[in-house]
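Below is one structure, written out as structure tokens, with a few remarks after it.
Protein chains: 2
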Amino acid sequence: MHLFYQPEPVSYLTEDDSRHAIKTLRLGVGDAIAVTDGHGNRYSAVITQADNRRCSYRIIDTQSTPSRPFSVQICVAPTKNSDRIEWFIEKAVEIGIEQITFFFGSHSERRVLKLERLEKIAIAAMKQSLQSHLPQLDEAVSFGEMLKTLSDSSVGDKQRFIAHLPDDEPVDHLAKAATTGGHYVVLVGPEGDFSEQEIKQAKDAGFQMVTLGANRLRTETAALTACQVLNFINV
Amino acid sequence: MHLFYQPEPVSYLTEDDSRHAIKTLRLGVGDAIAVTDGHGNRYSAVITQADNRRCSYRIIDTQSTPSRPFSVQICVAPTKNSDRIEWFIEKAVEIGIEQITFFFGSHSERRVLKLERLEKIAIAAMKQSLQSHLPQLDEAVSFGEMLKTLSDSSVGDKQRFIAHLPDDEPVDHLAKAATTGGHYVVLVGPEGDFSEQEIKQAKDAGFQMVTLGANRLRTETAALTACQVLNFINV
Chain A
8 MHLFYQPEPV SYLTEDDSRH AIKTLRLGVG DAIAVTDGHG NRYSAVITQA
58 DNRRCSYRII DTQSTPSRPF SVQICVAPTK NSDRIEWFIE KAVEIGIEQI
108 TFFFGSHSER RVLKLERLEK IAIAAMKQSL QSHLPQLDEA VSFGEMLKTL
158 SDSSVGDKQR FIAHLPDDEP VDHLAKAATT GGHYVVLVGP EGDFSEQEIK
208 QAKDAGFQMV TLGANRLRTE TAALTACQVL NFINV
Chain B
8 MHLFYQPEPV SYLTEDDSRH AIKTLRLGVG DAIAVTDGHG NRYSAVITQA
58 DNRRCSYRII DTQSTPSRPF SVQICVAPTK NSDRIEWFIE KAVEIGIEQI
108 TFFFGSHSER RVLKLERLEK IAIAAMKQSL QSHLPQLDEA VSFGEMLKTL
158 SDSSVGDKQR FIAHLPDDEP VDHLAKAATT GGHYVVLVGP EGDFSEQEIK
208 QAKDAGFQMV TLGANRLRTE TAALTACQVL NFINV
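Line by line, the protein sequences are chains A and B. Position 194 (the first sequence) corresponds to 201 in the numbering used here; numbering is contiguous. Position 7 (the second sequence) corresponds to 14 in the numbering used here; numbering is contiguous.
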């Protein structure tokens, strides 16, 4: 069964998906498809008009998937090589994540981030892994602005972690520090790591320092590992 | 500190590493370097001859890292797109793995695998993550040959799992099925999944079916997730 994405409350596929359905997959009138709105709803439908720019369908059945009883938000600095952050998004969406927030740290080499391409990757990964919830991707902001948003009461009470290994004190592994069934936010630094000031700001904002293991991990590996840990402690 | 790889019991860097040290990093006589043999030994050394084809060094100190008290072997079918399997190797080595075995399943689209490039990626990831153990990469063989090797007594007593979701019966998550401190081998199928016969062969060989989560994962994502799970239950 082919899964398509249509966030709007309409009964036709997006232009991209219409082309894919009709031109690539050669689907026709009467063929069964599945459509998700990315908000937990999945529709079983049949194609009523095989238009390769606006493929119409009729919904036969709706299946709603509730949000997970826990949620994972990873805040990561875009990598210098954009493939690496794109790879992280694909994998994090496949295994399960609610929100990805980008920030520019004072040691970040990359200063620009195009969200459009990243959203396409997230949508493709959601379809590929047959999920009905599209994670939220946030525009990149400065580390300070991000902390301000995360401290906002509207964010609610989340378990806050920063993946950083201090030279002096030993810290817990995220798998031990996080408790199950919670809402988590983890900060992962750029290739150049966090600045001392950023670490102080995070600690002042209630973020607990955690390790992700003994090995030195690349930014995108650390970000995915944090996401994996938080999924596993909730298995 | 720059970490280089020299598996031979000699006191000079490989040609690639010599070029990297002298031409790229512009290191010279007297500069301190670190060298690992990939077998758990890490040497602190100083450059004695800045030759860009054969950079000699004198070992000052040796640090030995024991093998981990558990071991992870992932047996995976090469992906159609070679970037994906290369990505898996880089990430698995970064987070920690002992052995990667490749096999061609009856549903595998790819039938050729060049190990040389994959070994370079594993070495780079070992250096990047500052480890002293280079995982073993095995030449791709047929699924049947692989099972025969894994059933060989010399392999020892490993916890055996096959990542496959049967339609009929519910199965445990790998995180629940595996016990800590063990030696593990996990089979991960190709894009086309395992054939019914391969699953039967694996079950007959004592492999337990496990799930890696609710979402449908790509081959390389499933392989890395299995590796992550086995690392985390041993945190």
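Every residue gets a Cβ at the ideal spot worked out from N, C-alpha and C, and that includes glycine. Bear in mind the structure is a predicted one, so any value in this text is a computation, not a measurement.
Reference residue i; option with closest CA among the options
i                      : options                 : result
residue 8 of chain B   : B:46, B:42, B:168       : B:42
residue 136 of chain B : A:31, A:125, A:219      : A:219
residue 245 of chain A : A:115, A:48, A:93       : Residue numbering for chain A in the displayed model covers 8 to 242; residue 245 of chain A lies beyond these limits and cannot be assessed.
residue 18 of chain A  : A:39, A:31, A:65        : A:65
residue 67 of chain A  : A:212, A:75, A:49       : A:49
residue 110 of chain B : B:238, B:198, B:134     : B:198
residue 62 of chain B  : B:28, B:75, B:71, B:82  : B:28
residue 34 of chain A  : A:56, A:13, A:51        : A:56
residue 211 of chain B : B:157, B:52, B:90       : B:157
residue 232 of chain A : B:100, B:12, B:90, B:37 : B:100
residue 213 of chain B : B:225, B:224, B:194     : B:194
residue 187 of chain B : B:178, B:203, B:242     : B:242
residue 51 of chain B  : B:10, B:60, B:59        : B:10
Residue i versus residue j - alpha carbon distance
i                      : j                      : result
residue 152 of chain A : residue 86 of chain B  : 41 Å
residue 7 of chain A   : residue 208 of chain A : Look at the range of chain A in this structure, 8 to 242, and you will see that residue 7 of chain A is not part of it.
residue 54 of chain B  : residue 205 of chain A : 37 Å
residue 39 of chain A  : residue 25 of chain B  : 60 Å
residue 97 of chain A  : residue 118 of chain A : 21 Å
residue 159 of chain B : residue 133 of chain A : 40 Å
residue 154 of chain B : residue 83 of chain B  : 12 Å
residue 13 of chain A  : residue 224 of chain A : 37 Å
residue 121 of chain A : residue 22 of chain A  : 21 Å
residue 130 of chain B : residue 91 of chain B  : 17 Å
residue 240 of chain B : residue 164 of chain B : 19 Å
residue 196 of chain A : residue 89 of chain A  : 15 Å
residue 4 of chain B   : residue 79 of chain A  : Since the displayed chain B opens at 8 and closes at 242, residue 4 of chain B lies outside it and no answer follows.
residue 123 of chain B : residue 203 of chain A : 41 Å
residue 59 of chain B  : residue 60 of chain A  : 59 Å
residue 15 of chain B  : residue 178 of chain B : 45 Å
Residue i and residue j closer than 8 Å at C-beta
i                      : j                      : result
residue 171 of chain B : residue 45 of chain B  : no
residue 189 of chain A : residue 166 of chain A : yes
residue 148 of chain B : residue 181 of chain B : no
residue 93 of chain A  : residue 125 of chain A : yes
residue 144 of chain B : residue 107 of chain B : yes
residue 81 of chain B  : residue 230 of chain B : yes
residue 72 of chain A  : residue 47 of chain A  : yes
residue 222 of chain A : residue 138 of chain B : yes
residue 128 of chain A : residue 238 of chain A : no
residue 227 of chain A : residue 95 of chain A  : yes
residue 168 of chain B : residue 112 of chain B : no
Residue i - containing beta strand (DSSP E), residue span
i                      : result
residue 195 of chain A : 190-195
residue 10 of chain A  : 10-12
residue 70 of chain A  : 63-71
residue 167 of chain A : 166-170
residue 107 of chain A : 106-111
residue 51 of chain A  : 48-56
residue 43 of chain A  : 39-43
residue 7 of chain A   : No statement about residue 7 of chain A is possible, as the shown extent of chain A runs from 8 to 242 and does not include it.
Start and end residues, alpha helix (DSSP H) containing residue i
i                      : result
residue 178 of chain A : Counting along the chain, residue 178 of chain A falls outside any alpha helix (DSSP H), and DSSP gives it neither H nor E.
residue 158 of chain B : 150-158
residue 228 of chain B : 226-239
residue 124 of chain A : 122-135
residue 100 of chain A : 89-102
residue 204 of chain A : 203-211
residue 25 of chain B  : 22-26
Per-residue burial, residue i [other beta carbons within 10 Å of its own, 16 or more giving buried]
i                      : result
residue 70 of chain A  : exposed
residue 176 of chain B : exposed
residue 192 of chain B : buried
residue 173 of chain A : exposed
residue 37 of chain A  : exposed
residue 142 of chain A : buried
Heavy atom of the ligand NAP within 7 Å of residue i beta-carbon
i                      : result
residue 236 of chain B : This structure lacks the ligand NAP, and indeed carries no ligand of any kind.
Any chain D beta carbon closer than 8 Å to residue i
i                      : result
residue 116 of chain B : The structure shown has no chain D; the protein chains it does contain are A and B.
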